[in-house]
Amino acid sequence: MKIRIWGARGSIPTPMTTTELRERLRETLERSQGINLSDPAAMNRFIERLPPYLNTVVSGNTTCVELRVNDSLFILDMGSGIRLLGKELMQTEFGSGTGIAHIFMSHTHWDHIEGFPFFAPAYTPGNVLRIHSPFPDMDWRLRQVMRHPFFPVELDYPQATRIYNLLTPGEIHEIEGVTVEIRELHHPGSSFAYRFTFNDKVFVYATDGEYQKMEHEYTALYESFFKDADVLIFDAQYDFTEAITNKADWGHSTPKIGAELAWRAGVKRLVLTHHDPDSPAQHLWNKVDDADHHLQYRASRTGNGHTPPVEVLLAYEGLTIEI
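Here it is in structure tokens:
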């Protein structure tokens, strides 16, 4: 399995502003004192050693994740990040109209579907888009995105073949040799997590979910769904205080809750995603520290030392993970 992040923002695309860029440039120049910038190797080493909030653009695009299993292409959600994925795919068999993509939808809030009208492979005759979801009205939902007066062409204009596959929670589905399971999450209008299993490797995608109680009897269903995952992509849009006060019932979670559930479920790598559009880069990277601190606390309480047993990563565009 190979996972690549194409979009990790929640709510709305959030491009970097000129002010943010200049702030990064200013701090980078301050840190460059004493560095021989005329030496390309020294300059590259300097860039690599910068804090991630300076040398990495986290994400301006909304949610889209690519999963490759052997020769099969799975796409998770169609936020604005799918546009760039589509451009890359057009350099492959999708450019000649012989591509097949399996698209899995967590739900159809705007930030998870807004990229579809700009997905180039959808406009190439011969390509096949197999759209998997628990929503029996998925075609109708796509038609709401592509219709006048909100978009210049309607859903019948893209010439790729669309095939809808209805997934049922609680059932086990086999798709291209991959075992696929889904579970409903607490989110306004419903959202669904996906668990992909192939050759004993497990990837779980659980965006747009809120966990209002942390007692085992409440979280047991989620813990079993996340159990022993090699990678868990988890919604961590809010800080803990936000999630339990002014943004309670908004359907999103936190780094601390993600770390706790990952700990309980025996997850190997936790990837924090669905970043709030108001969160600056340094604040996002601090979320990794928040999750790590909670894991250190849990390890110390169980006598396993202070090394977090779960590796915590921040989702950013271009992040690639192989399992």
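Here our numbering is used: position 16 in the sequence shown is 19, and no number is missing along the way. Even for Gly, the Cβ is constructed at its ideal location relative to N, Cα and C.
Whether residue i touches residue j by CB criterion (7 Å)
i: Ser193; j: Glu187; result: yes
i: Thr101; j: Gly84; result: no
i: Leu145; j: Leu132; result: no
i: Leu275; j: Val61; result: no
i: Lys259; j: Asp293; result: yes
i: Thr127; j: Ala104; result: no
i: Leu273; j: Val313; result: yes
i: Glu226; j: Ala196; result: no
i: Gly254; j: His297; result: no
Nonlocal neighbours in the same chain, by C-beta distance under 8 Å from residue i, ignoring five residues either side
i: Ser256; result: Gly212, Glu213, Tyr214, Phe237, Asp238, Ala239, Gln240, Tyr241, Ala246
i: Glu119; result: It is Phe, not Glu, that sits at residue 119 in the sequence shown. The residues are Met81, Ile85, Ala125, Leu145, Val148, Met149.
i: Glu177; result: Val183
i: Arg139; result: Checking the sequence shown, residue 139 turns out to be Pro, not Arg. Hits under 8 Å: Leu169.
i: Lys90; result: Ala123
i: His151; result: Glu157
Rounded C-alpha distance that separates residue i from residue j
i: Leu170; j: Pro137; result: 5 Å
i: Ile6; j: Arg71; result: 6 Å
i: Met4; j: Pro155; result: 37 Å
i: Ala223; j: Asp252; result: 20 Å
i: Ala318; j: Ile8; result: 7 Å
i: Phe97; j: Phe121; result: 14 Å
i: Arg86; j: His219; result: 40 Å
i: Glu179; j: Leu322; result: 24 Å
i: Leu92; j: Asp74; result: 13 Å
i: Val28; j: His278; result: Note on identity: in this sequence residue 28 is Leu, with Val being the wrong assignment. Distance between the alpha carbons of Leu28 and His278: 23 Å.
i: Phe153; j: Ile324; result: 37 Å
i: Gly13; j: Glu117; result: 12 Å
i: Thr210; j: Phe229; result: 12 Å
i: Asn168; j: Phe77; result: 14 Å
i: Thr305; j: Asp295; result: 15 Å
i: Lys250; j: Glu26; result: 29 Å
i: Gln94; j: Met217; result: 46 Å
i: Thr21; j: Pro283; result: 13 Å
6 Å Cβ shell around residue i - same chain, five flanking residues per side excluded
i: Phe206; result: Met4, Phe199, Val234
i: Asp80; result: Thr66, Cys67, Ser109, His115
i: Thr111; result: Arg144
i: Val291; result: Val315, Leu317
i: Ile15; result: Pro280
i: Tyr208; result: Leu79, Tyr197, Ile236
i: Glu174; result: none
Residue environment, residue i, which counts as buried when at least 16 other CB atoms sit within 10 Å
i: Asn64; result: buried
i: Thr248; result: exposed
i: Tyr221; result: exposed
i: Pro1; result: One cannot answer for residue 1 here, as it falls past the ends of the chain, which runs 4 to 326.
i: Glu320; result: buried
i: Met141; result: buried
7 Å Cβ shell around residue i - same chain, five flanking residues per side excluded
i: Ile326; result: Met4, Lys204, Phe206, Asp233, Val234
i: His309; result: Note that His309 scores a pLDDT of 46, beneath 50, so its modelled location is shaky and nothing firm can be said.
i: Ala45; result: Ile38, Asn39
i: Ile50; result: Asn58
i: Phe243; result: Thr257, Lys259
i: Arg165; result: Leu132, Ile134
Nearest to residue i (by Cα), restricted to the options the options
i: Asp281; options: Ile8, Gly10, Pro18; result: Pro18
i: Ser99; options: Gly82, Ile78, Pro124; result: Pro124
i: Leu57; options: Ala45, Ile166, Gln36, Leu32; result: Leu32
i: Leu24; options: Lys290, Asp295, Gln285; result: Gln285
i: Phe107; options: Trp113, Asp231, Asp140, Glu69; result: Glu69
i: Trp266; options: Trp113, Thr111, Phe243, Val315; result: Val315
i: Pro172; options: His135, Leu88, Gly10; result: His135
i: Arg34; options: Pro43, Ser41, Arg52; result: Arg52
i: Val181; options: Asn202, Ile166, Arg165; result: Asn202
i: Asn289; options: Ala11, Ser41, Pro54, Asp42; result: Pro54
Residue-level contact to chain C via CB, residue i, 7 Å cutoff
i: Thr20; result: Included in the structure is just one protein chain, with no chain C present.
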